[in-house]
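Only one structure is covered here, and it is reproduced in the block below.
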Amino acid sequence: MRTVFDPAEMVPGRFYPLLTASVVPRPIAWVSSLSADGVPNLAPYSFFTVSSVSPPVVQFTSVTRKDSLRNIEATGEFVVNLATERMVDQVNASSAPYEPGADEFTALGIASEPSERVRVPRVTDSPIAIECSLRQVIEVGTSFVVMGDVLAVAVRPDALADDGLPEFTAIAPLSRLGRDEWGLTPPVRRISRPTG
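In the working numbering, the protein residues as written are 463 to 658.
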(Lines of atoms letter the chains of each structure in order from A; the text may use other names.)
(Lines give C-alpha, C1' and ligand atoms only; values in the text may rest on other atoms or scores of the structure.)
Protein backbone atom coordinates (compact mmCIF):
# COMPACT_ATOMS: atom_id res chain seq x y z
CA MET A 463 0.00 0.00 0.00
CA ARG A 464 1.16 3.51 -0.81
CA THR A 465 0.48 6.64 1.20
CA VAL A 466 -1.50 8.96 -1.07
CA PHE A 467 -1.29 12.74 -0.57
CA ASP A 468 -4.15 14.73 -2.06
CA PRO A 469 -3.34 18.48 -2.23
CA ALA A 470 -7.05 19.30 -2.04
CA GLU A 471 -7.22 17.63 1.38
CA MET A 472 -4.03 19.08 2.85
CA VAL A 473 -3.50 22.24 4.87
CA PRO A 474 -2.17 25.03 2.60
CA GLY A 475 1.61 25.07 2.65
CA ARG A 476 2.02 21.36 3.53
CA PHE A 477 2.21 20.21 -0.09
CA TYR A 478 5.33 22.32 -0.80
CA PRO A 479 7.69 20.23 1.39
CA LEU A 480 6.23 17.03 -0.08
CA LEU A 481 6.94 18.17 -3.64
CA THR A 482 10.43 19.46 -2.85
CA ALA A 483 11.33 16.21 -1.08
CA SER A 484 10.00 14.22 -4.06
CA VAL A 485 11.42 16.14 -7.04
CA VAL A 486 15.14 15.72 -6.31
CA PRO A 487 17.85 16.66 -6.95
CA ARG A 488 17.07 20.14 -8.24
CA PRO A 489 19.80 22.30 -9.83
CA ILE A 490 20.14 25.78 -8.43
CA ALA A 491 19.87 29.01 -10.39
CA TRP A 492 21.88 31.52 -8.33
CA VAL A 493 20.25 34.53 -9.93
CA SER A 494 21.94 37.92 -10.00
CA SER A 495 19.92 40.96 -11.00
CA LEU A 496 19.94 44.75 -10.73
CA SER A 497 17.24 46.97 -9.31
CA ALA A 498 15.98 49.91 -11.34
CA ASP A 499 18.31 52.03 -9.19
CA GLY A 500 21.31 49.83 -10.05
CA VAL A 501 21.60 47.90 -6.75
CA PRO A 502 22.78 44.29 -7.26
CA ASN A 503 20.77 41.37 -5.88
CA LEU A 504 21.71 37.71 -5.57
CA ALA A 505 19.36 34.86 -4.62
CA PRO A 506 19.11 31.08 -5.19
CA TYR A 507 16.17 29.37 -6.91
CA SER A 508 15.91 25.57 -7.03
CA PHE A 509 13.03 25.42 -9.51
CA PHE A 510 15.34 25.84 -12.53
CA THR A 511 15.79 24.22 -15.93
CA VAL A 512 16.32 24.64 -19.69
CA SER A 513 13.12 25.58 -21.55
CA SER A 514 14.37 25.50 -25.14
CA VAL A 515 17.58 25.06 -27.10
CA SER A 516 16.43 26.71 -30.33
CA PRO A 517 16.07 29.48 -29.36
CA PRO A 518 18.15 29.02 -26.19
CA VAL A 519 15.91 29.76 -23.19
CA VAL A 520 16.29 28.96 -19.49
CA GLN A 521 13.72 29.36 -16.76
CA PHE A 522 13.44 29.57 -13.00
CA THR A 523 10.42 29.90 -10.75
CA SER A 524 9.99 32.51 -8.06
CA VAL A 525 7.63 31.20 -5.40
CA THR A 526 5.80 34.46 -4.62
CA ARG A 527 6.94 37.85 -5.90
CA LYS A 528 10.52 38.49 -4.72
CA ASP A 529 13.26 41.07 -5.33
CA SER A 530 14.80 39.11 -8.21
CA LEU A 531 11.51 39.06 -10.08
CA ARG A 532 10.86 42.76 -9.48
CA ASN A 533 14.38 43.63 -10.64
CA ILE A 534 14.15 41.50 -13.77
CA GLU A 535 10.79 43.01 -14.71
CA ALA A 536 12.27 46.50 -14.22
CA THR A 537 15.50 45.98 -16.18
CA GLY A 538 14.79 43.03 -18.48
CA GLU A 539 18.07 41.27 -17.57
CA PHE A 540 19.49 38.63 -15.24
CA VAL A 541 22.34 36.13 -14.87
CA VAL A 542 22.08 32.51 -13.73
CA ASN A 543 25.31 31.70 -11.88
CA LEU A 544 26.05 28.02 -11.36
CA ALA A 545 26.20 27.22 -7.63
CA THR A 546 28.98 24.81 -6.66
CA GLU A 547 29.73 22.62 -3.64
CA ARG A 548 32.32 24.97 -2.16
CA MET A 549 29.82 27.85 -2.33
CA VAL A 550 27.10 26.08 -0.32
CA ASP A 551 27.33 28.33 2.73
CA GLN A 552 27.21 31.53 0.66
CA VAL A 553 24.35 30.21 -1.48
CA ASN A 554 22.37 29.27 1.61
CA ALA A 555 23.11 32.63 3.27
CA SER A 556 21.90 34.50 0.17
CA SER A 557 18.45 32.91 0.61
CA ALA A 558 17.86 34.92 3.81
CA PRO A 559 14.99 37.44 3.75
CA TYR A 560 17.06 40.58 3.19
CA GLU A 561 15.34 43.95 3.10
CA PRO A 562 14.34 45.09 -0.42
CA GLY A 563 17.21 46.96 -1.98
CA ALA A 564 19.91 45.04 -0.06
CA ASP A 565 23.08 44.10 -1.94
CA GLU A 566 23.79 40.44 -1.12
CA PHE A 567 27.15 40.56 -2.92
CA THR A 568 28.38 43.18 -0.43
CA ALA A 569 26.54 41.80 2.60
CA LEU A 570 28.04 38.31 2.15
CA GLY A 571 31.43 39.28 0.71
CA ILE A 572 30.76 37.59 -2.65
CA ALA A 573 33.04 38.84 -5.43
CA SER A 574 31.36 40.01 -8.62
CA GLU A 575 32.58 40.84 -12.10
CA PRO A 576 31.07 42.48 -15.19
CA SER A 577 29.06 40.31 -17.55
CA GLU A 578 29.63 40.16 -21.32
CA ARG A 579 26.15 40.95 -22.68
CA VAL A 580 24.11 42.38 -19.80
CA ARG A 581 24.59 45.11 -17.17
CA VAL A 582 23.94 42.65 -14.35
CA PRO A 583 27.13 41.48 -12.59
CA ARG A 584 27.96 37.80 -12.34
CA VAL A 585 29.55 35.82 -9.48
CA THR A 586 33.31 35.79 -10.02
CA ASP A 587 33.87 32.32 -8.54
CA SER A 588 30.95 30.67 -10.32
CA PRO A 589 32.32 28.40 -13.08
CA ILE A 590 29.40 29.08 -15.43
CA ALA A 591 27.29 32.21 -15.85
CA ILE A 592 24.27 32.23 -18.16
CA GLU A 593 23.51 35.81 -19.21
CA CYS A 594 19.87 36.40 -20.10
CA SER A 595 17.37 38.95 -21.29
CA LEU A 596 13.80 38.56 -20.07
CA ARG A 597 11.57 36.66 -22.50
CA GLN A 598 8.40 36.43 -20.42
CA VAL A 599 6.99 35.90 -16.95
CA ILE A 600 4.17 33.39 -16.55
CA GLU A 601 2.06 33.58 -13.40
CA VAL A 602 1.11 30.14 -12.05
CA GLY A 603 -0.93 30.37 -8.87
CA THR A 604 1.29 32.12 -6.30
CA SER A 605 4.45 31.46 -8.35
CA PHE A 606 6.08 33.17 -11.32
CA VAL A 607 7.95 31.31 -14.06
CA VAL A 608 10.70 33.61 -15.35
CA MET A 609 11.94 32.72 -18.84
CA GLY A 610 15.10 34.26 -20.23
CA ASP A 611 16.64 34.30 -23.69
CA VAL A 612 20.25 33.18 -23.33
CA LEU A 613 22.56 35.88 -24.71
CA ALA A 614 25.83 34.27 -23.63
CA VAL A 615 27.21 31.44 -21.51
CA ALA A 616 30.49 32.46 -19.86
CA VAL A 617 32.56 29.48 -18.66
CA ARG A 618 35.79 29.62 -16.66
CA PRO A 619 38.64 27.80 -18.51
CA ASP A 620 39.26 25.39 -15.61
CA ALA A 621 35.67 24.11 -15.94
CA LEU A 622 36.06 23.03 -19.59
CA ALA A 623 36.95 19.49 -20.68
CA ASP A 624 39.07 18.60 -23.71
CA ASP A 625 35.96 18.54 -25.92
CA GLY A 626 35.30 22.21 -25.11
CA LEU A 627 32.21 21.54 -22.96
CA PRO A 628 31.81 22.01 -19.20
CA GLU A 629 33.12 19.02 -17.24
CA PHE A 630 30.71 17.83 -14.53
CA THR A 631 33.19 16.96 -11.79
CA ALA A 632 35.15 20.17 -12.40
CA ILE A 633 32.07 22.36 -11.93
CA ALA A 634 30.82 20.26 -8.95
CA PRO A 635 27.24 21.59 -9.10
CA LEU A 636 25.28 22.00 -5.91
CA SER A 637 21.65 20.88 -5.79
CA ARG A 638 18.68 21.14 -3.44
CA LEU A 639 16.92 18.16 -1.98
CA GLY A 640 14.05 18.10 0.52
CA ARG A 641 13.88 19.73 3.95
CA ASP A 642 17.23 21.42 4.73
CA GLU A 643 19.22 18.91 2.66
CA TRP A 644 21.66 19.82 -0.11
CA GLY A 645 23.03 17.52 -2.80
CA LEU A 646 26.74 17.30 -3.54
CA THR A 647 28.42 15.97 -6.68
CA PRO A 648 27.19 12.41 -7.29
CA PRO A 649 29.11 9.63 -9.05
CA VAL A 650 28.95 9.76 -12.85
CA ARG A 651 28.13 6.81 -15.07
CA ARG A 652 28.41 6.98 -18.86
CA ILE A 653 25.76 5.16 -20.93
CA SER A 654 25.38 5.66 -24.69
CA ARG A 655 21.89 6.39 -25.98
CA PRO A 656 20.23 3.73 -28.15
CA THR A 657 20.49 4.52 -31.86
CA GLY A 658 18.00 2.09 -33.36
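Yeah, the Cβ is synthetic: ideal placement off N, Cα and C, and Gly gets one too.
*Nearest to Leu-481 by alpha carbon, out of Gly-500, Val-599, Ser-588, Phe-509?*
Phe-509
*Ends of the alpha helix (DSSP H) at Glu-535?*
529 to 537
_contact_flag[the region 646 to 656, the region 607 to 621] where n(CB pairs < 8 angstroms) is 3 or more_ = no
*asked:* From the DSSP secondary-structure annotation, give me the bridge partner or partners of Pro-583.
replied: The partner list for Pro-583 (beta bridge, DSSP) is empty, contrary to what the question assumes.
*First and last residue of the alpha helix (DSSP H) that includes Glu-566?*
566 to 570
*Residue nearest to Ser-494 in terms of C-alpha spacing, selected from Leu-627, Gln-598, Thr-537*: Thr-537
*Whose C-alpha, out of Asp-587, Ile-534, Ser-605, Glu-547, is nearest the C-alpha of Pro-489?*
Glu-547
*Along the alpha helix (DSSP H) that carries Asp-551, what are the first and last residues, could you check?*
550 to 555
*For Arg-584, which of Ala-491, Ser-484, Asp-642 has the nearest alpha-carbon?*
Ala-491
*If you scan the region 463 to 533 from start to end, which runs of the beta strand (DSSP E) of 3 or more residues do you find wholly inside it?*
491 to 496, 502 to 507, 510 to 515, 518 to 525
*asked:* Please report the straight-line C-alpha distance between Pro-469 and Glu-601, rounded to a whole angstrom.
replied: 20 angstroms
*Leaving out the 5 sequence neighbours to the left and right, which residues in its chain are closer than 6 angstroms to Pro-518 when beta-carbon positions are compared?*
Val-612
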